[in-house]
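Participant:
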Amino acid sequence: MSQLELLRSCVSEDKQNEVENLVSEKGLVETVCHLWENIWTEEEKLQAENDIKNRNEESKYYKLLFIEFNIKTHYDQVDSHRNFVQKAYNRLKDFVPNMLKDDAEKHDLSKYDFSQAIGYTVRWVHMIDNDAWKKSLDDHYKREHHHPQNFGQERMSQRFLEESFIDMVGSRWERNLKGDENAKNSDLVDFHPQYLTRYHKDDFKAVSDLINKIKES
Numbered sequence: 003m004s005q006l007e008l009l010r011s012c013v014s015e016d017k018q019n020e021v022e023n024l025v026s027e028k029g030l031v032e033t034v035c036h037l038w039e040n041i042w043t044e045e046e047k048l049q050a051e052n053d054i055k056n057r058n059e060e061s062k063y064y065k066l067l068f069i070e071f072n073i074k075t076h077y078d079q080v081d082s083h084r085n086f087v088q089k090a091y092n093r094l095k096d097f098v099p100n101m102l103k104d105d106a107e108k109h110d111l112s113k114y115d116f117s118q119a120i121g122y123t124v125r126w127v128h129m130i131d132n133d134a135w136k137k138s139l140d141d142h143y144k145r146e147h148h149h150p151q152n153f154g155q156e157r158m159s160q161r162f163l164e165e166s167f168i169d170m171v172g173s174r175w176e177r178n179l180k181g182d183e184n185a186k187n188s189d190l191v192d193f194h195p196q197y198l199t200r201y202h203k204d205d206f207k208a209v210s211d212l213i214n215k216i217k218e219s
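Residue numbers (this note's numbering): 3 to 219.
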């Protein structure tokens with residue numbers, strides 16, 4: 003089945019010409035975003051999400067979203083990041099006594115939900131910055147307490163401040179240090195200062211002190 007035939011199979015007959023014109027003008031990514039935001043019913047969205055999470059390979063939604071739109075790569079990215087966050091926690095857990103093992107194990111689970119997966123696939127698989135991505139990022143910040151944005155102008159709780167720190171360590175270990183198993187603790191926390199500017203000034207100091215403590219250990 004061609005990509006166009008697959009798209010047509012995922013909408014009612016009265017919407018097929020609209021979808022055909024849209025994919026011709028704007029391509030697959032924007033068309034999928036339009037389906038999700040404007041055409042599919044809540045029931046269809048739920049069916050699509052369940053089919054992908056259950057890996058129903060016979061589903062038209064699975065074929066369109068997981069394979070063609072490539073949510074698969076987004077899920078792979080989340081799997082990898084979560085793995086490095088858990089590795090970072092295991093390496094540095096003595097420095098983050100308020101963070102729970104459960105926090106590391108459940109880190110970023112919301113990214114598998116379609117309220118985020120659609121937009122994250124747009125941004126980090128197809129490298130497109132659009133409204134779908136902005137909505138997904140906003141949903142992520144609202145649901146995940148390890149982001150300073152979740153606390154507005156207030157300080158973070160110590161537990162989630164430590165998780166935000168481990169989140170940065172995991173990202174650095176995976177991306178900047180290429181997963182080097184021999185990386186020293188001092189290398190893991192050698193962040194560029196720009197990554198700390200998102201914090202409340204008191205949290206900025208707390209994270210800076212933690213970095214120095216690890217570097218000196």
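Yeah, the Cβ is synthetic: ideal placement off N, Cα and C, and Gly gets one too.
In the structure shown, what three-state DSSP assignment does Tyr29 receive?
Facilitator: Checking the sequence shown, residue 29 turns out to be Gly, not Tyr. Correct three-state label for Gly29: helix.
Participant: Starting from Ile54, trace the alpha helix (DSSP H) both ways and give me its first and last residue.
Facilitator: Element bounds for Ile54: 44-55.
Participant: Out of curiosity, what's the CA-to-CA distance linking Asn132 and Val13?
Facilitator: The straight-line gap from Cα to Cα measures roughly 23 Å.
Participant: Using 8 Å for Cβ pairs, my map puts Leu8 next to Glu46. What's the rounded Cβ distance?
Facilitator: At roughly 15 Å, the Cβ-Cβ gap does not stay under 8 Å, so Leu8 and Glu46 are not in contact.
Participant: Would you mind working out which of Lys62, Ala50, Ile120, His147 sits nearest Met101, comparing C-alpha positions?
Facilitator: The candidate whose alpha carbon is nearest that of Met101 is His147.
Participant: For His128, which of helix, strand or coil comes out of DSSP?
Facilitator: Looking at His128 - three-state DSSP - the assignment turns out to be coil, as it is neither helix nor strand.
Participant: Let me know the secondary structure DSSP gives Pro99 once reduced to three states.
Facilitator: Pro99 falls in the coil class under three-state DSSP.
Participant: Mind checking if Glu156 is an interface residue toward chain C, Cβ cutoff 8 Å exclusive?
Facilitator: In summary, chain C is missing from the structure at hand, where a single protein chain is found.
Participant: Grab me the residues of Glu164's own chain with a C-beta within less than 6 Å of its C-beta, minus the 5 sequence neighbours each way, in chain order.
Facilitator: Once the five neighbours on either side are set aside, the close Cβ partners of Glu164 are Val98, Asn100, Met101.
Participant: Taking the C-alpha atoms as reference points, what is the distance between Glu156 and Lys144?
Facilitator: Spanning the two alpha carbons is a distance of roughly 14 Å.
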